[in-house]
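For reference, the structure discussed in these notes is given below.
Number of protein chains: 2
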Amino acid sequence: MRIGEIAALVGLTTRAIRHYHHVGLLPEPERRPNGYRAYSIRDAVLLARVRRLTELGLSLDEVRDVLAEDAGREPAEVLEELDADLARQEADIRERRCRLSALLSEPPDATGPVSPALAALLAQAPRTDSPSAAKDRDHLTLMDATNSGSQEIFTLLGTLVADPAVVELYERLDALAEAPVDDPRIAPLAADLMAAVPEELFAAIPEDGVVVTGFKEALLAEYAPAQAEVVGRLMDAFMERGRG
Amino acid sequence: MRIGEIAALVGLTTRAIRHYHHVGLLPEPERRPNGYRAYSIRDAVLLARVRRLTELGLSLDEVRDVLAEDAGREPAEVLEELDADLARQEADIRERRCRLSALLSEPPDATGPVSPALAALLAQAPRTDSPSAAKDRDHLTLMDATNSGSQEIFTLLGTLVADPAVVELYERLDALAEAPVDDPRIAPLAADLMAAVPEELFAAIPEDGVVVTGFKEALLAEYAPAQAEVVGRLMDAFMERGRG
DNA sequence: GCTTGACCTTGACGCGACGGCAGGGTTTCT
DNA sequence: AGAAACCCTGCCGTCGCGTCAAGGTCAAGC
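If you read the sequences in order, they're chains A and B.
Mapping of the first sequence onto the UniProt record's numbering: residues 1 to 244, in sequence order.
Mapping of the second sequence onto the UniProt record's numbering: residues 1 to 244, in sequence order.
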């Protein structure tokens, strides 16, 4: 048989068979005088087994191991390992499909799914179009997505945002958008913000959660200079209280 | 943030993030004076979404489509397509695991699993260590593995192998191993073999099944010259009766 | 004899999502 | 001042083939 014939017989492509020769999975057969490969029935039997094994999901290396069974009992080992692997993949896919269906059934809010704790927090927060509040929501969503803060923080923040006075604080922060860094409103706003934070929140701040080195400066870069001054003081205070 | 920091924050490797820049999934951020990439919070939010999507199994191209949602409703389409894809994969894996478990529970006969019809046939065949019979078993197993013959053939062959006289035929074929091609035993053996084949078998031979071009010569190459003569005559007769 | 078309040959590149390494520079800590 | 831990660019490797590219071979039809 020529390569195309044996390929059709066992249901492989000629390219696959040549590949098997190339990687040493199947020895090169004799050649006809014209250089064509001449396959025997034994080759077909071998290739049929290779096909069955690869269709089961074995890699070519594993197929080689199974076929070159010197030990006689190796195959079972390989196959059991493969089954475990497939089981993992199956569970993996099931979980992904699960999360996918959750995504599909949800309203398209474009921010993606959030944890229940954060969802509750956002629903609870008063409606405001303050840019600072929007930034805060973004940052909280990021914390949620990266799991860098514990769920506990969101529930604790719930008691904060329930206070209608928080909107006023955001507005005072917004007002500093164009202000110079030595604006006199900075210090009192920082103090009022600190005062608004419930005591338990300090304890809940993880030592090395969001506070990855460099995160702080990136966060401050989001704000205008005077605003950054306020936020920076807040974060400094947080980190000091957290360590203390 | 530097690249290592944002990578730790969103749970990716620096290499992956640079790869995303490379393929245009995420624009290159500003650089610091020393050439380091300077990431913002917005980048982190973006990367977090990328991570979630790739973890769901989307390709980077698909992620790009979903993120660059100009149409607003594209994502659902992509996600549904993905779900269908995952469903296919899941079914695929389940089938493989099914066949794998069948393989594992079977006794290790080293020839792999065979169809029930062939298994019955082999169990039914008389015990003999005739080399010709061994070849025949190999060829039948190959036909089974490649689905090139119908199951029907095996059941029809059952009536043939049940006849104890068949063993004698195999032995007569074995005896020709060293014989010259003009051995006088050739013609009568071929005739007796033809006579032993039940009539229904001729009708069951598929027109273009095993009889791929070149298969015949490969099969004949398995035998000694005188034996090949016998087998060749048999096959010629088969093909003529099949066509007639 | 000549063409056509279906085969065959070797060899090299492409894919997808990065990992790893080479060969350098920068920052920071000690 | 040296070492550790970062950062940079760029290129090769993975896996199982598919897909050209640039030919050589063979049977059939004119």
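Beta carbons: idealized from backbone N, C-alpha and C, even for Gly.
Quantities reported herein were computed from a predicted structural model and do not represent experimental measurements.
Sequence-distant residues of the same chain with beta carbon closer than 6 Å to residue i, five excluded per side
| i | result |
| --- | --- |
| A:T14 | I3, G4, A7 |
| A:R42 | none |
| B:F154 | A117, L118, L121 |
| A:R49 | none |
| A:D144 | V114, S115, L118 |
Closer than 8 Å to chain B by CB, residue i
| i | result |
| --- | --- |
| A:H139 | yes |
| A:Y39 | yes |
| A:V66 | no |
| A:A224 | no |
| A:E80 | yes |
| A:G244 | Its pLDDT being 43, under 50, A:G244 is placed unreliably by the model, and the measurement read from it follows with that caveat. No, A:G244 does not count as interfacial toward chain B. |
| A:Q238 | Checking the displayed sequence, the identity of residue 238 of chain A turns out to be Phe instead of Gln. Not one chain B Cβ lies under 8 Å of A:F238. |
| A:V63 | no |
| residue 258 of chain A | One cannot answer for residue 258 of chain A here, as it falls past the ends of chain A, which runs 1 to 244. |
| A:A179 | no |
Pick from the options that is closest to residue i, judged by C-alpha positions
| i | options | result |
| --- | --- | --- |
| B:I186 | B:G232, B:E199, B:P198, B:S150 | B:G232 |
| B:L12 | A:M194, A:T146, A:L189, A:F202 | A:T146 |
| A:T159 | A:P198, A:L9, A:P225, A:Y170 | A:P198 |
| B:L9 | A:S130, A:P126, A:H139 | A:H139 |
| residue 247 of chain A | A:A226, A:H19, A:P126, A:A191 | Examination of residue 247 of chain A is not possible in this model, given that chain A is present from 1 through 244 alone. |
| B:A204 | B:E222, B:A175, B:M239, B:Y39 | B:M239 |
| B:L157 | B:A191, B:E171, B:R172, B:E200 | B:E200 |
| A:Q124 | A:A102, A:V161, A:E55 | A:V161 |
| A:E95 | B:L103, B:D83, B:R96 | B:D83 |
| B:T213 | A:A224, A:A102, A:Y39 | A:Y39 |
Cβ neighbours of residue i in the same chain (closer than 8 Å, five flanking residues each side left out)
| i | result |
| --- | --- |
| B:V78 | L58, E62, D65, V66 |
| B:Y165 | It is worth fixing the name first, because residue 165 of chain B is Ala in this sequence and not Tyr. If we look at B:A165 and ignore the five residues flanking it on each side, its Cβ neighbours are A196. |
| A:Y36 | R2, I3 |
| A:L46 | L26, L67 |
| B:C98 | none |
DSSP bridge partner residues for residue i (one or two, in chain order)
| i | result |
| --- | --- |
| B:R2 | In DSSP, B:R2 forms no bridge with anything. |
| A:R37 | A:R31 |
Same chain, Cβ closer than 7 Å to residue i, five either side skipped, listed in chain order
| i | result |
| --- | --- |
| B:L220 | A228, V231, G232 |
| B:M194 | L234, A237 |
| residue 258 of chain A | Coverage of chain A is limited to positions 1 through 244, which leaves residue 258 of chain A absent and any answer about it impossible. |
| A:P75 | V66, E69 |
| B:A226 | L176, A179, P180, V181, D183, I186 |
Min CB distance residue i to chain A below 8 Å
| i | result |
| --- | --- |
| B:E90 | yes |
| B:I93 | yes |
| B:S148 | yes |
| B:A172 | Looking at the sequence itself, residue 172 of chain B is Arg, so the reference to Ala does not match. Not closer than 8 Å to any Cβ of chain A, the Cβ of B:R172 fails to qualify, so no. |
| B:L26 | no |
| B:R52 | yes |
| B:G57 | yes |
| B:E5 | yes |
| B:G232 | no |
| B:Y20 | no |
| B:A44 | yes |
Exercise. Does the region 87-104 of chain A come close enough to the region 76-93 of chain B to have 3 or more Cβ pairs within less than 8 Å?
Worked result: Taking one beta carbon from each stretch, the region 87-104 of chain A and the region 76-93 of chain B have 3 or more pairs nearer than 8 Å; the two touch.
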